């Protein structure tokens, strides 16, 4: 039942190495790690490879299989064509020790720098009370088996050794998010820390980490983006800034970017064909109706005006003849910000009370 | 020639060998006691075999059923161990587990919750009430990560105070200890090598805690990782300590048998706790035929009652699928032997027809995930193929129950977790291992620290011992005529799996001892190709001698014990014998050979034995012991 298959495995150490060819027997139902073990027992007893549980639970046997970062124990041989050559190389982001074993100490250093759980003051052991729904968000991140595939695939450090100093990587962003969402963690600056010390800003959300996660943790969507939004919300978001100018309030209710406690806000990325609202981001029909009702559709809207023309009755189309430098405002050059409130299709949720 | 003065040396107060649950808990305790502590990990930090534990940690918190308390837990543990347990360890374990679990929450652990926000507890084989604190089915991972993160937080405190993370607690990852070094009878240090570089390393320390786990790699079908080569058992023996109960190995009843790549990997017992049933190839739910008399009172004898139990446990008896592990393993073995097994030699474990798919995914997420990814089997649609796999060794270093200090001639050696013996008697209940790690890890770490404190002078490492250790370690690399270590391991696994497996016979055990003696000759001449840098062949060659001596202990003790009890089944002595309950078999090393002696079990304290019914005790105790019990009862009645 076994067939001979062609493997190419990187052999070498920090001074260099190359891919070596092996013909090795493969049986039905086996995974790549089984094949590596067979090689160790036959052709290559000193082939270096980490492994422990062989069940996808410990995250030791991380390697790159045909260029994809994967766990050797979770990659079934049946996913390859019979004639396909399987190429196995060590993780590229970390320095090679020998063969498939790399020096992953970068990750342990970053782990040590991430501030630990801060127990709540005055709550005795045995008195912790939390609801299942609240612990579940952090529990998703605690599924992490520390295989470091996300760290390996992240392009911020994959080919940029110089970024390793300032960048902790996806594994430690989910650690920060986990503690941030822990119902009883007493530290309140997890997100600011992630931005200032862990290099969260380097991440530009390419989602490679999520794609390779063998535990299927939604690293980008559930940890990185919420952490970024929460940071952005308070400090950098231009919409929030604009809103505060317009309404002279600290916060804009029901804008699409808001603190994660307004979890309804994520709905604003409407599905195609969905209800589009100027009144906020909600798809809740009641809210929608209320918002519609609050808008004065009969307000006086400035009449459209014809553009200025030159002596020949034409638009001044060239920069040479135009009366100002740079591109015109998409809103029209004659529009002054801030707009008067009555010109906006905005309904304050509490407008009925006024 | 390697001169010993070129070897990297470290000085510590306490060296903990092993970075699983017990090792990390011990190290935390030693560090909290102010001791400079080293943790030696054979793998990377956080990869220990503890991550594999799925079901949960047993602790009588009474969150789900308020009738639970330490007395009930103690009773269940003794019952599960067939009364061969060290009663004092079972008592300490039952009393202290809740505090150890609550403590984990202060380290940041997030267990699943009850409706009122407490730690949720689940049912498990052999536990009278729902008792296992759990996180889905990845409790072991939660435990190891929590302890790992607690160590990081201690290191952060040290960094703030002393300017270095490693000031008082340091993890030596991918480091293997090959020898304990003694000064007379006192532990003086430990010698080993970095796996990455192959360089040697010497720890000078007055106290060593062994937390190296078990011995499963000596078996063909096992759920254990490569690390489980009995290092701690062998180190203890060579240092003059003793092992007890080595004949008792737990074969987990439900390991995967198909596909071959994952043979041996466990299917957690919570599959059965949540409603999964075992069927043979005729489709019959066969466990009703295998309820032993001692369990008739607690287990249902028909499907209707068994099925009602899941929703109304107070008024119905438990389904027989939740019998202790040894009973289930034996039942499956019998079915397969009778020709009613699956093509791959197991039986069917069916949850698909018992719960809606959505519910299965919610309750058993990593089981679902594991089967889908590893075997392309959808457990919400089809049954699993399962059979017994070598899972846990009840036997281990004979220790003082309160302190974890090893008996025998050695001083300054402590043991906790799977490597220690006595706590679980002849069979361990599921869920008791995680709480065992915490309770006795803490105790061993604390007592190692106070032992180091009370020493007036530091034991010295002798140069001669280090030179000998270097020579032994390098020997396989310097030979090129010996056998391949992988071949030797396979042969050892075949001997243990075929002849000292789940069902044992005198003739086979005698045969096994002959073969082990032959293997000993061959292992002494093993050779490893390649250099010292991360060379798995060399590492295995060094582990082989540990696996061999531990296997000898198991085979000798299994031959000696002429009865069947818990994790030891003799086909030629199928019954439990009360006379044997009073005996622990103790292994010690006499030069190179394993010496076996009988030792009486300590007598259970009066107030603890009084927790049991006379009728139940009658199944385990001798007439003489029962007369004692009656006298006690009479006195209490006056």
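Residue numbers (the UniProt record's numbering), protein chains in the order written: chain Y, 1 to 354; chain P, 1 to 638. For each residue, glycine too, the CB sits at the ideal point set by N, CA and C. Just so we're clear, the structure is a prediction, and the values are computed from it rather than from any experiment.
Spanning the alpha carbons of residue 507/P and residue 412/P requires a straight line of approximately 40 Å. Taking the beta carbon of residue 60/Y as reference, the chain P residues within 8 Å of it are 43, 44 and 47, listed in sequence order. Annotated as distal: residue 48/P and residue 209/P, with beta-carbon spacing of 8 Å or more. Against chain Y, the CB of residue 261/P has a partner CB under 8 Å away; the residue lies at that interface. Apart from the 5 residues on each side of it in sequence, residue 576/P sits with its Cβ closer than 7 Å to the Cβ of 82, 563, 564 and 565 in its chain, given in chain order. In this structure, the beta-carbon distance from residue 492/P to residue 547/P falls below 8 Å.
A contact between stretches requires three or more CB pairs, one per stretch, nearer than 8 Å, and the region 210–228 of chain Y meets this requirement with the region 131–151 of chain Y. For residue 57/Y, the closest Cβ of chain P is nearer than 8 Å. Between residue 91/P and residue 488/P the beta-carbon gap is near 42 Å, outside 8 Å, which marks them as no contact. Among the CB atoms of chain P, none fall inside 8 Å of the CB of residue 15/Y.
Residue environment: residue 124/P is assigned as buried (16 or more neighbouring CB atoms within 10 Å of its CB, all protein chains considered). Within chain P, 113, 116, 117 and 118 have C-beta atoms less than 9 Å from the C-beta of residue 129/Y, given in sequence order. Within chain P, 105, 106, 107 and 108 have C-beta atoms less than 9 Å from the C-beta of residue 119/Y, given in sequence order. Excluding sequence positions up to five before and after residue 305/P, its CB lies within less than 7 Å of the CB of 316 and 317, all in the same chain and listed in chain order. The three-state secondary structure of residue 388/P, taken from DSSP, is strand. Annotation for residue 179/P: 191 and 469 place their beta carbon closer than 6 Å to its own, counting only its chain and skipping 5 residues before and after. Using a Cβ-Cβ cut-off of 7 Å, residue 484/P is close to 45 of chain Y, given in chain order. For residue 20/Y, there is no enclosing alpha helix (DSSP H); the residue is found in the beta strand (DSSP E) stretching over 16–26. Less than 8 Å separates the beta-carbon of residue 416/P from that of residue 22/P. One alpha carbon belongs to residue 56/P, the other to residue 76/P, and they sit about 16 Å apart. Interface residue (Cβ-Cβ distance to chain P less than 8 Å): residue 40/Y is classified as such. DSSP places residue 116/Y in no beta strand (DSSP E); its state is neither H nor E.
Judged by their CB atoms, residue 540/P and residue 390/P are not nearer to each other than the 8 Å cut-off.
Between residue 296/P and the set 286/P, 319/P and 60/P, the nearest pair of CA atoms involves 319/P.
Under the Cβ distance rule, residue 226/P counts among the residues neighbouring chain Y, one pair being separated by less than 8 Å.
For the region 89–103 of chain P, residues whose beta-carbon sits nearer than 8 Å to a beta-carbon of chain Y comprise 98, 99, 102 and 103. For residue 62/Y, the enclosing beta strand (DSSP E) starts and ends at 62–65. Under DSSP, the beta-bridge partners assigned to residue 251/P are 390/P.
At a cut-off of 8 Å between C-beta atoms, residue 439/P does not count as an interface residue with respect to chain Y. Assignment of residue 10/P by DSSP, reduced to helix, strand and coil, places it in the strand class. Taking all protein chains in view, the Cβ of residue 170/P is crowded by 16 or more other Cβ atoms within 10 Å, so the residue is classified as buried. For residue 34/Y, the neighbours in chain P by C-beta distance under 7 Å run, in chain order, 261. The residue among 44/Y, 167/Y, 21/Y and 182/Y with its C-alpha nearest the C-alpha of residue 111/Y is 167/Y. Looking at the DSSP output, residue 504/P bridges to 570/P. For the set 119/Y, 96/Y, 107/Y and 92/Y, the Cα lying nearest the Cα of residue 13/Y is the one of 96/Y.
Partner residues in the beta bridge of residue 10/Y, as assigned by DSSP, are 19/Y.
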